[in-house]
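**Student:** For reference, the structure I am asking about is given below.
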Amino acid sequence: MNAIEIRNLTKNFGQKQALNGLNMTVPQGAIYGFIGENGSGKSTTEKIICGLIHPSGGEVKLFGKDYKDAEVRSKIGVLIESPGCFPNYSVWNNMMLQAANLGIANAEEEVRKVLQVVHMEGSASNKYKNCSLGMKQRIGIAFALLGNPALLILDEPINGLDADGMRIMREVLTGVTKNYNCTVVISSHILGELEKIATHYGIVRGGKMIAEMTAEELNANCPTFVALKAKDTATAKAALERKYSRVETDEEGYIRIYDGVKAEEVVSYLYNGLNIAVTEIKTNKIGLEEYYIDLMKEGR
Amino acid sequence: MQNFLNKLKTMLKVDFKRMFTMPLVYIMAGVSLAMPILILVMTSMMGGSEDGAAMFTNVWQAISSVSGGESAGMSMDLTTMCNMNLMYFLIAVLVCVFTAEDFRSGYAKNLFTVRAKKVDYVFSKSLVCFTGGAIMILAYFIGAMLGGAIAGLPFTTEGFNAGGIIACLFAKIFLVAVFVAIFLTFAVVAKQRTWLSILLSIGVGAFMFMMIPMMTPLNATFIHVVMTLAGGAIFAVALGAVSNLILNKTSLV
């Protein structure tokens, strides 16, 4: 059974169409990286899943049931925009309020546990308004983790986190999926970080899902390339363009050849055949960020 | 049903805790206490003013007017304007600020994500705001007694008795439920826009302001108490259903 199944989801805000027949499938236990430009419909989709806004059309199912089902909704943990804390309350009191709302029996123990998970146990007595942005993000995660949710919806959870915060976040998210079979939907613009944890990806543009794939499929879709610098770059590039079909220059001045060639073959072609000296050469693979940028360029 | 009651219990626990751990209710109670003291002391200091404005001649006028008396019903002299009825406007501020805080802080977002049904939220909010409003009414009553004593106004009763005063106080407290239901409806319409909910609440409250003296006179009887109690219950249920519908049909963020 899929944790989330969305079919033909539409949402209009007046004349503006935020979602235009979006389809989305999130398998249970996945860490689903939900990617798209600003205004592409990510947050709108997440808010619909959480029941905070109503769709104009389409079908949303969570764990095989309608998204409005009370039982299913009680299994969701959410961090959208802000953690939803009262600024004048301490972190602890905010957490206890949420625990009460969730009807958690052993609230104190549970709150202490989730604060430990996000390494915030020492700041429980701090007033929420005095917490830093990174601390607030961690509190938001702790909020979302309360009550052992089966589905976590996290909108930009790594914004404002320092390197240690990001590491903790990675640990937490991989931990909850492994240990509790929790499904995580995480939208973020920090694709390098997302790439380290996501098992599935959904790329949305203009309110439509343009690609959905597993991390393995993404890996297979991301081509390897040879990047090189030569003494005479212009001549080298012209020569390579004659031989290979896809040759580009990146922002660092490297010439990239994408045709699955080997570095030795390129060096041999340039030096032995054309007497062009190669000063630097490496083999690499494009990452999620470049794949995403390429995909976005294709649509423009 | 059991599930609903359990959820309502936790919701009430949270809302009561919030209401009584935030400064708002204490500020409002303080203002409610101070207001009649200031009104009674200041107007007694202005006593016999040349413009002929009606001044307070006894303490009870700060609470309400006598049905069929000079300042009852639609008349708008100083004693009918500056009495306990003003509290309903302050209660609007309490309800609107308290509810808007849920939406502004994002608390409502967390709550409604895990709770598909909103009826316990509306019910709890109504009950807690009613309690806050009742405290303000009682604070005003105490303030009026203190203010009357400080100003040296007589506690004499003409055309009503102690039973009437008690019935009047109960009627005013039960009438809080009517106004809370109205204000809460506007608060859920306006969500985080506190200014809009206060504006709508005070605007509509002003229309209803005229009927308060008729519903809660100093010579109130058991009938007034029952009528305001019934009115409070009917408004709470009917407008509670409207508030619930609004929360179910509109965006919550």
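Taken in sequence, the protein lines are chains A and B. My numbering numbers the first residue of the first sequence as 1 and each following residue consecutively. My numbering numbers the first residue of the second sequence as 1001 and each following residue consecutively. Here a beta-carbon is modelled for each residue, glycine too, at the ideal position from N, C-alpha and C. Keep in mind the model is a prediction, meaning the values are calculated, not measured.
#1: At 9 Å on the CB atoms, spell out the chain B contacts of residue 81(A), in chain order.
#2: Please report how far the alpha carbon of residue 208(A) lies from the alpha carbon of residue 14(A), in whole angstroms.
#3: Using a Cβ-Cβ distance cut-off of 9 Å, determine whether residue 255(A) contacts chain B.
#4: In the segment 84-102 of chain A, which residues sit with their C-beta less than 8 Å from some C-beta in chain B, listed in chain order?
#5: Excluding the 5 residues preceding and the 5 following residue 1170(B) in the sequence, name in chain order all residues of the same chain whose CB lies nearer than 6 Å to its CB.
#6: Under a CB-based cut-off of 9 Å, is residue 1006(B) close to chain A?
#7: Under a CB-based cut-off of 9 Å, is residue 1134(B) close to chain A?
#8: Cβ of residue 1115(B) less than 9 Å from any chain A Cβ?
#9: Tell me the DSSP secondary structure of residue 1073(B) in three-state form.
#10: Using a beta-carbon distance cut-off of less than 8 Å, what residues from the segment 28-57 of chain A approach chain B?
#11: Looking at the structure shown, is residue 268(A) part of a helix, part of a strand, or coil, going by DSSP?
#12: Could you have a look at residue 28(A) and say whether DSSP puts it in helix, strand or coil?
#13: Mind pulling the chain B residues with CB within less than 9 Å of residue 69(A)?
#14: For a test of the three-state rule: what should DSSP assign to residue 1224(B), helix, strand or coil?
#15: Going by other Cβ atoms of all chains shown within 10 Å of its Cβ, with 16 needed for buried, is residue 268(A) buried or exposed?
#16: For the alpha helix (DSSP H) containing residue 1189(B), name the first residue and the last one.
#17: If you draw a straight line from the alpha carbon of residue 126(A) to that of residue 1020(B), how long is it in whole angstroms?
#18: Using only alpha-carbon positions, find the residue among 91(A), 101(A), 65(A), 5(A) that is nearest to residue 1007(B).
#19: Have a look at 258(A), 231(A), 42(A), 47(A) and flag the residue whose alpha-carbon is nearest the alpha-carbon of residue 241(A).
#20: Roughly how many angstroms separate the alpha carbons of residue 303(A) and residue 250(A), rounded to a whole number?
#21: Given residue 1139(B), which residues of its chain have a CB within under 7 Å of its CB, disregarding the five upstream and five downstream residues?
#22: Which partner residues of residue 10(A) appear in the DSSP bridge assignment?
#23: Near residue 1073(B), which residues of its chain fall below 7 Å by C-beta distance, leaving aside the five closest residues on each side in sequence?
#24: Compare the Cα-Cα distances from residue 1185(B) to each of 1023(B), 1035(B), 1155(B), 1123(B) and report the closest residue.
#25: Taking residue 1014(B) as the query, report the chain A residues whose CB atoms sit under 8 Å from its CB, ordered along the chain.
#26: Whose C-beta lies closer than 6 Å to the C-beta of residue 68(A) among residues of the same chain, with five residues either side of it excluded?
#27: Which residues in chain A sit within 9 Å of residue 1010(B), going by Cβ to Cβ distance?
#28: Just checking my contact of residue 1120(B) with residue 1004(B) at CB under 8 Å: how many whole Å lie between their CB atoms?
#29: Against chain A, with Cβ distances strictly below 9 Å, would residue 1101(B) count as a contact?
#30: Compute the Euclidean distance between the alpha carbons of residue 1052(B) and residue 1247(B), then round it to the nearest angstrom.
#31: By Cβ distance, which residues of its chain are closer than 7 Å to residue 1244(B), with the 5 residues on each side in sequence left out?
#32: Nearest by alpha-carbon distance to residue 1081(B): which of 1035(B), 1125(B), 1107(B) is it?
#33: Just checking: is the beta-carbon of residue 63(A) within a distance shorter than 9 Å of some beta-carbon in chain E?
#34: Taking 9 Å as the CB-CB limit, is residue 78(A) close to chain B?
#35: Is it buried or exposed for residue 1241(B), if we count other Cβ within 10 angstroms and need 16 for buried?
#36: Quick one: does residue 1130(B) have its CB under 9 Å from some CB of chain A?
**Tutor:** With the given structure in hand:
#1: Here residue 81(A) refers to the residue found at position 81 of the first sequence. Simply 1106, 1109, 1253.
#2: By 1-based counting over the first sequence, the position of residue 208(A) is 208. By 1-based counting over the first sequence, the position of residue 14(A) is 14. Their Cα atoms are separated by approximately 18 Å.
#3: Numbered from its first residue, the first sequence carries residue 255(A) at position 255. No, its Cβ sits nowhere closer than 9 Å to a Cβ of chain B.
#4: Cβ contacts with chain B come from 84, 85, 86, 87, 88, 89, 93, 97, 98, 100, 101, 102.
#5: Start at 1 with the first residue of the second sequence, and residue 1170(B) comes out as number 170. Answer for residue 1170(B): 1225, listed in chain order.
#6: Working through the second sequence from its first residue, we reach residue 1006(B) at position 6. It does: the Cβ of residue 1006(B) has a partner Cβ on chain A nearer than 9 Å.
#7: On the second sequence, position 134 is the one that residue 1134(B) refers to. Put simply, the CB of residue 1134(B) is far from chain A, with every gap to its CB atoms at 9 Å or more.
#8: Counting from one through the second sequence, the residue named residue 1115(B) turns up at place 115. By this cut-off, residue 1115(B) is an interface position.
#9: The sequence position of residue 1073(B) within the second sequence is 73, counting from 1. Confidence at residue 1073(B) is low in this model, with a pLDDT of 48, below 50, so its placement is unreliable and the value that follows should be read with caution. Of the three classes helix, strand and coil, the one that applies to residue 1073(B) here is coil, per DSSP.
#10: 47, 50, 51, 52, 53, 54
#11: As a working mapping, residue 268(A) is identified with position 268 in the first sequence. Looking at residue 268(A) - three-state DSSP - the assignment turns out to be helix.
#12: Numbered from 1 along the first sequence, position 28 holds the residue referred to as residue 28(A). In the structure shown, residue 28(A) sits in coil (DSSP, three-state: anything other than H, G, I, E or B).
#13: Your numbering for residue 69(A) matches position 69 in the first sequence. Residues of chain B passing the Cβ test: 1116.
#14: Taking the first residue of the second sequence as position 1, residue 1224(B) is located at position 224. DSSP places residue 1224(B) in helix when its eight states are reduced to three.
#15: Locating residue 268(A) in the first sequence gives position 268, counting from the first residue. Under this definition residue 268(A) is an exposed residue.
#16: As a working mapping, residue 1189(B) is identified with position 189 in the second sequence. For residue 1189(B), the enclosing alpha helix (DSSP H) begins and ends at 1162-1190.
#17: Translated into positions along the first sequence, residue 126(A) becomes position 126. Translated into positions along the second sequence, residue 1020(B) becomes position 20. The straight-line gap from Cα to Cα measures roughly 20 Å.
#18: Your numbering for residue 1007(B) matches position 7 in the second sequence. Comparing Cα positions, the closest option is 101(A).
#19: The sequence position of residue 241(A) within the first sequence is 241, counting from 1. For residue 241(A), the nearest C-alpha among the options comes from 258(A).
#20: No answer is possible for residue 303(A): it lies beyond the span of chain A, which begins at 1 and ends at 300.
#21: Along the second sequence, read from residue 1 onward, the residue named residue 1139(B) stands at position 139. For residue 1139(B), where only same-chain residues beyond five positions count, the Cβ hits under 7 Å are 1029, 1032, 1033.
#22: The residue given as residue 10(A) occupies position 10 in the first sequence. DSSP lists 20(A), 57(A) as partners of residue 10(A).
#23: Here residue 1073(B) corresponds to residue number 73 of the second sequence, with the count starting at 1. Note that residue 1073(B) has pLDDT 48, beneath the 50 cutoff, so the model's placement of it is unreliable and the number below is only indicative. Closer than 7 Å at Cβ, skipping near neighbours: 1213, 1214.
#24: Your numbering for residue 1185(B) matches position 185 in the second sequence. If we check each option's Cα against that of residue 1185(B), 1123(B) comes out closest.
#25: Taking the first residue of the second sequence as 1, we reach residue 1014(B) at position 14. Per Cβ cutoff of 8 Å: 97, 100, 101.
#26: Translated into positions along the first sequence, residue 68(A) becomes position 68. Excluding sequence neighbours, residue 68(A) sits near nothing in its chain.
#27: Taking the second sequence and counting its residues from 1, the one referred to as residue 1010(B) is at position 10. The contacting residues are 100, 101, 102, 103.
#28: Taking the second sequence and counting its residues from 1, one reaches residue 1120(B) at position 120. Taking the second sequence and counting its residues from 1, one reaches residue 1004(B) at position 4. At roughly 7 Å, the Cβ-Cβ gap stays under 8 Å, so residue 1120(B) and residue 1004(B) are in contact.
#29: Position 101 of the second sequence, counted from the first residue, corresponds to residue 1101(B). Taking Cβ atoms only, chain A reaches closer than 9 Å to residue 1101(B), which makes this a yes.
#30: Numbered from 1 along the second sequence, position 52 holds the residue referred to as residue 1052(B). Numbered from 1 along the second sequence, position 247 holds the residue referred to as residue 1247(B). Low confidence applies to residue 1052(B): its pLDDT is 48, below 50, so where it sits in the model is not reliable, and the reading given next is rough at best. Residue 1052(B) and residue 1247(B): Cα-Cα distance of roughly 50 Å.
#31: Translated into the one-based positions of the second sequence, residue 1244(B) becomes position 244. Cβ-Cβ distances below 7 Å link residue 1244(B) to 1118, 1119, 1122 in the same chain, with the five nearest sequence neighbours on each side left out; the list follows chain order.
#32: Numbered from its first residue, the second sequence carries residue 1081(B) at position 81. The shortest Cα separation from residue 1081(B) among 1035(B), 1125(B), 1107(B) belongs to 1035(B).
#33: In the displayed structure, chain E is absent; the protein chains listed are A and B.
#34: Numbered from its first residue, the first sequence carries residue 78(A) at position 78. Yes, because at least one Cβ of chain B sits closer than 9 Å to the Cβ of residue 78(A).
#35: Mapped onto the second sequence, residue 1241(B) falls at position 241. So residue 1241(B) ends up on the exposed side.
#36: What you label residue 1130(B) is simply residue 130 of the second sequence in a count that begins at 1. So, not an interface residue.
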